[in-house]
Amino acid sequence: MSRVEKRKDDHLRLCAEEEVESRSGTLLDEVHLLHDALPELSLAEIDPSVEILGRRLAVPLMISGMTGGTERAKRCNRAFARAAQEAGLAMGVGSQRPMLESPELVSTYRVREVAPDVLLFANIGIVQARDSGPARVRELADAIEADAICLHLNAAQELVQDEGDRDFRGCLDTIATIVSRQTRPVIVKETGCGLAPRTLRRLAEAGVHWVDVAGAGGTSWPGVESFRGSDRQRLLGGHLHDWGVPTAASVVYARRAGLRTIASGGLRSPVDVLRALALGASLCGMALPFLRGFHEGGESGVVDTAAGLVEGVRALMLLAGVRRIGDVEKVPLVIGPQLRAWIGEGRGREVAPSFERTSAETTWKGSDGLH
Ligand SMILES: Cc1cc2nc3c(=O)[nH]c(=O)nc-3n(C[C@H](O)[C@H](O)[C@H](O)COP(=O)(O)O)c2cc1C
């Protein structure tokens, strides 16, 4: 097994077994959707389905990109893919960096045979995209028949890793070039440290339409890396364990920047999914809960995790009094003081014209804010 392969398997094991989550929280628990005791709805008519990037999803939920490159990773990706196909979720693969050196590793990422209808995201780090060029990035997505490409940003993890990258110059230019040359949608994705307004502004100016905020509050990559490597790596990983912009704030910032938003980073329940949608996310992602489902119960553990989330989302939609996902953004909210400290008051006014909302919804937000 090569060093990179060992690292990949170490990551899977550490994430499944250790305390790798940020301790500072997502701040999603500061978002309270008001209960509707008189919903006047039947569960049978609740429809959480959405169409995103040309594919229909049963629920706006994805199994976030985690792995690839080893035999164990292949088993994970297959289980994630079968569960995503069965439950109607989207799915991402983990970084395809190992394929740049060893193209035959594509078999550990390919899932189309078992997931023909799934909205599938390719994945590569921005530094590798910069160094290998837009043509190679497209080849990576072609090789797995992905619908879209995630370019991931993970400066915190790289700085912690003994063998990690140290030079992050030229990444914004790379993003602009890739966005302008790819035929597939490009999603710029953090990996657990979130996205701040100044980052989002520059991404929007570079032509980016979609971000996955992967905010702070869930899996912490500095945290994961603090369980392995040299004393230096362990120390710096510990220092940076809780660094980042909480997921709830990142989602609001992304919507204010006018970007289509995937909410991920510490979403752990159907309530978190509803909260993120209410803040304006189009799609929600979870990584650790599905990995742990696999760790505990194999493929059926992933299927059960997905089914439980889908059932919970439908139940909560009824209790919030909404029949369709597009209406979740209209549910009255109470927002706690900690999240207010990050996002301020009256989000509605600052929301840029969105790519998909109706003018009626925009007017609603404009007049009432989030309350
Ligand atoms: C085991 C594991 C491996 C991951 N590998 C990648 C990766 O290769 N590329 C990437 O963009 N994100 C990767 N992530 C980050 C997730 O996609 C996600 O953004 C992040 O974990 C936050 O979600 P969570 O708190 O639900 O885990 C990984 C996460 C886990 C748990």
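Numbering-wise, the working numbering puts 104 at position 104 of the sequence shown, and it's gapless, one number per residue. Glycine is no exception: its CB is placed at the ideal position from the N, C-alpha and C atoms.
Could you check where the beta strand (DSSP E) with residue i kicks off and where it finishes?
i      : result
Gly92  : Ala90 to Gly92
Arg184 : Premise fails: Arg184 is in no beta strand (DSSP E) and is neither H nor E.
Val211 : Trp210 to Asp212
Glu51  : Val50 to Ile52
Leu33  : Val31 to Leu33
Phe121 : Leu120 to Gly125
Cys150 : Ala148 to His152
For ligand 1, is there a heavy atom less than 7 Å away from the beta-carbon of residue i?
i      : result
Gly192 : yes
His241 : no
His209 : no
Pro48  : no
Ala214 : yes
Pro222 : no
Cys150 : yes
Ser95  : yes
Pro98  : no
Pro289 : yes
His35  : no
Lys189 : yes
Cys284 : no
Leu267 : yes
Ser64  : yes
Leu89  : no
Thr372 : Coverage of the chain is limited to positions 1 through 371, which leaves residue 372 absent and any answer about it impossible.
Cys15  : yes
Ser107 : no
Ser2   : no
Just to confirm before moving on: does the CB-CB distance between residue i and residue j stay below 8 Å?
i      : j      : result
Gly285 : Ser22  : no
Arg72  : Leu12  : yes
Ile144 : Ala122 : yes
Cys150 : Asp212 : yes
Thr261 : Arg255 : yes
Leu240 : Ala156 : yes
Phe227 : Glu18  : yes
Ile52  : Ala84  : no
Asp147 : Gly54  : yes
Asp272 : Leu28  : yes
Arg82  : Glu299 : yes
Gly194 : Asn154 : no
Glu86  : Val224 : no
Leu279 : Val31  : yes
Gly88  : Met66  : no
Val188 : Val208 : yes
Pro39  : Arg314 : no
Ile175 : Ala206 : yes
Ala204 : Val251 : no
Glu41  : Leu318 : Reading off the sequence shown, one finds Leu at residue 41, where the question assumed Glu. Cβ distance < 8 Å, so Leu41 and Leu318 count as in contact.
Just mark residue i as buried or exposed, buried being the case when its beta carbon has 16 or more other beta carbons within 10 Å.
i      : result
Pro289 : buried
Arg349 : Confidence in Arg349 is poor, its pLDDT being 34 and thus under 50, which makes the residue's placement unreliable; the coordinate value appears in the next sentence. Its Cβ having fewer than 16 others within 10 Å, Arg349 is exposed.
Glu329 : buried
Val59  : buried
Arg3   : exposed
Leu140 : buried
Gly192 : buried
Thr219 : buried
Thr70  : buried
Arg347 : Residue placement at Arg347 is poorly supported in this model, since its pLDDT is 48, which falls under 50; the coordinates are not used for a value here.
Ser264 : buried
Ala216 : buried
Glu163 : exposed
Mind checking which residues open and close the alpha helix (DSSP H) that includes residue i?
i      : result
Glu158 : Ala155 to Val160
Leu235 : Asp231 to His239
Thr261 : Unbroken run through Thr261 is the beta strand (DSSP E), Arg260 to Ala263; no alpha helix (DSSP H).
Ile343 : Pro337 to Ile343
His11  : Arg3 to Glu17
Gly308 : Leu288 to Ala320
Arg110 : Careful: Arg110 lies outside any alpha helix (DSSP H) and carries neither H nor E.
Met99  : Arg97 to Glu101
Taking 8 Å as the CB-CB cut-off, is residue i touching chain B?
i      : result
Arg136 : In summary, chain B is missing from the structure at hand, where a single protein chain is found.
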